[in-house]
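Q: The numbering used here puts the sequence shown at residues 53 to 378. Quick reminder that beta carbons are idealized off the backbone N, C-alpha and C, glycines included. A quick note: this is a predicted structure, and the numbers were derived from the prediction, not measured. Quick one: structure below, then a few questions.
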Amino acid sequence: MSENLLAGQTTYISVIVPIYNEEDSIPGLCQALLAVLDLLGRPFEIICVNDGSSDRSLEILRQETTLRPELKVVSFRRNYGQTAAMMAGIDHASGEIIIPIDADLQNDPEDIPLLLAKIEEGYDVVSGWRKDRQDAAIRRNMVSRMANRLISRISGVHLHDYGCTLKAYRRDVVKGIRLYGEMHRFIPIYATWMGARVCEIPVRHHQRQFGKSKYGLERIVKVLLDLMVVKFLDRHFVKPIYVFGSIGITSLIISFLGTVWMMWLKLVEGVSMILTPLPLLVAMTFLVGVMCILMGLLAEMLVRTYFESQQRSVYLVRETLNLETK
Numbered sequence: 053m054s055e056n057l058l059a060g061q062t063t064y065i066s067v068i069v070p071i072y073n074e075e076d077s078i079p080g081l082c083q084a085l086l087a088v089l090d091l092l093g094r095p096f097e098i099i100c101v102n103d104g105s106s107d108r109s110l111e112i113l114r115q116e117t118t119l120r121p122e123l124k125v126v127s128f129r130r131n132y133g134q135t136a137a138m139m140a141g142i143d144h145a146s147g148e149i150i151i152p153i154d155a156d157l158q159n160d161p162e163d164i165p166l167l168l169a170k171i172e173e174g175y176d177v178v179s180g181w182r183k184d185r186q187d188a189a190i191r192r193n194m195v196s197r198m199a200n201r202l203i204s205r206i207s208g209v210h211l212h213d214y215g216c217t218l219k220a221y222r223r224d225v226v227k228g229i230r231l232y233g234e235m236h237r238f239i240p241i242y243a244t245w246m247g248a249r250v251c252e253i254p255v256r257h258h259q260r261q262f263g264k265s266k267y268g269l270e271r272i273v274k275v276l277l278d279l280m281v282v283k284f285l286d287r288h289f290v291k292p293i294y295v296f297g298s299i300g301i302t303s304l305i306i307s308f309l310g311t312v313w314m315m316w317l318k319l320v321e322g323v324s325m326i327l328t329p330l331p332l333l334v335a336m337t338f339l340v341g342v343m344c345i346l347m348g349l350l351a352e353m354l355v356r357t358y359f360e361s362q363q364r365s366v367y368l369v370r371e372t373l374n375l376e377t378k
């Protein structure tokens, strides 16, 4: 049995590997990961999440788990996507440091010690930057650079490469995060909201050896929509009435001004109201205003139900001094 499983040892590193139809890459990936992690001399586990693969990926994973007890597998009933696979890996991880990595051998396991070194300097999140990315120049690289600049500008968290799976997180930073859609790439943003220290380091990137990429240009639309959700949650999650109420009040003001203008035309200019689009404008903006305010109030009730039902606080404490732990 491996020394990493000796009694009394606590898992230090949990490597998460989302896998979807990567039967040719799995043996080489497991070998490379084990070679690097064994040299670290720290207790570790490798959690492979089979995301409903239709090839022999699960069969090969079963074979690999018989060779080393550190290899663990979570297998989905069907394909749910990389974010769900990442979430499952985090939920099942027991390590103090969580490191996701792609299964296609484009990320280099030998960069893991570099990430750990930055974590041990005091950072909570270390993000990989594929500075010399080995992908299609226009379809992948240029589009990725544009997307990263947009995400950095909107979120305020400036990283060169949000799409790089190879990252390192402290356990307490990611354990409370729930991910949906394509939001796994936005974990550094969530971590920053929690007061985490985030840094970025260059990592190696290799050409794909087997198969082809599972992602196309349609993913950009999904990422942009998820980014809108992230930004909304950042600014208005605790007080949604601010966004809905602002739109509602603006619509009511437009409705009021439209009514005044309509009355002016009727009483002063002698223009019949039905000859203008103002009645329709006034009615529509009034209804939109009322509905937005009601939606804001409903959202406020849902937010309060969310926090109170889960006994969650609206704040996070890093540490306390001279206070008893409750």
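1) Return the first residue and the last residue of the alpha helix (DSSP H) that alanine 169 is part of.
2) Whose C-alpha, out of Pro152, Glu172, Ser307, Lys291, is nearest the C-alpha of proline 240?
3) Throw me the rounded Cβ distance for the tyrosine 221 and arginine 237 pair, which I believe falls under 8 Å.
4) In terms of residues, what are the limits of the beta strand (DSSP E) holding serine 127?
5) Which residues does DSSP list as the beta-bridge partners of cysteine 344?
6) With a threshold of 16 other CB atoms inside 10 Å of the CB of alanine 380, please say whether the residue is buried or exposed.
7) Classify glycine 300: buried if its beta carbon has 16 or more other beta carbons within 10 angstroms, exposed otherwise.
8) Using C-beta distances below 6 Å, list every residue in its chain close to cysteine 379, excluding the 5 sequence neighbours before and after it, in chain order.
9) Measure from the alpha carbon of glycine 180 to the alpha carbon of each residue in Arg223, Glu173, Ile171, Leu167, then state which is nearest.
10) Secondary structure at valine 283, three-state DSSP: helix, strand or coil?
11) For valine 320, which residues from the same chain have a beta carbon less than 8 Å from its beta carbon, with the 5 sequence-adjacent residues on both sides left out?
12) Is the CB-CB distance between isoleucine 142 and valine 209 below 8 Å?
13) According to the Cβ coordinates, are aspartate 156 and arginine 260 closer than 8 Å?
14) On a Cα-Cα basis, can you pick out the residue from Val340, Ser307, Glu352 that is closest to proline 331?
15) Using the C-alpha atoms, what's the distance from tryptophan 245 back to glycine 14?
16) Would you list the one or two residues that DSSP bridges to arginine 222?
17) Based on DSSP bridge pairs, tell me the residues matched to glutamate 252.
A: Let's see:
1) Boundaries of the alpha helix (DSSP H) harbouring alanine 169: 164–172, taken from the DSSP string.
2) Closest option to proline 240, Cα to Cα, is Pro152.
3) About 13 Å separates the Cβ atoms of tyrosine 221 and arginine 237, ruling out a contact at the 8 Å cut-off.
4) Its beta strand (DSSP E) spans residues 123–127.
5) Per the DSSP secondary-structure output, cysteine 344 pairs with nothing in a beta bridge.
6) The shown model of the chain, from 53 to 378, leaves out residue 380, and the question about it has no answer.
7) Sixteen is the threshold: when 16 or more other Cβ atoms of the shown chains lie within 10 Å of the Cβ of glycine 300, as they do, the residue is buried.
8) Summary: the structure shown does not reach residue 379, with the chain confined to residues 53 through 378, and so no result is reported for it.
9) Of the candidates Arg223, Glu173, Ile171, Leu167, Leu167 places its Cα closest to the Cα of glycine 180.
10) Reading off the sequence shown, one finds lysine at residue 283, where the question assumed valine. In the structure shown, lysine 283 sits in a helix (DSSP, three-state: H, G or I).
11) Cβ neighbours of valine 320 beyond the five flanking positions: none.
12) Against a cut-off of 8 Å, the Cβ pair of valine 209 and isoleucine 142 comes out as no contact.
13) Contact: yes.
14) Comparing Cα-Cα distances from proline 331 to each of Val340, Ser307, Glu352, the minimum goes to Ser307.
15) In this structure the chain extends from 53 to 378, so residue 14 is not present and cannot be described.
16) Looking at the DSSP assignment, arginine 222 forms a beta bridge with Ile149.
17) According to DSSP, residue pairing for glutamate 252 in a beta bridge involves Ser179.
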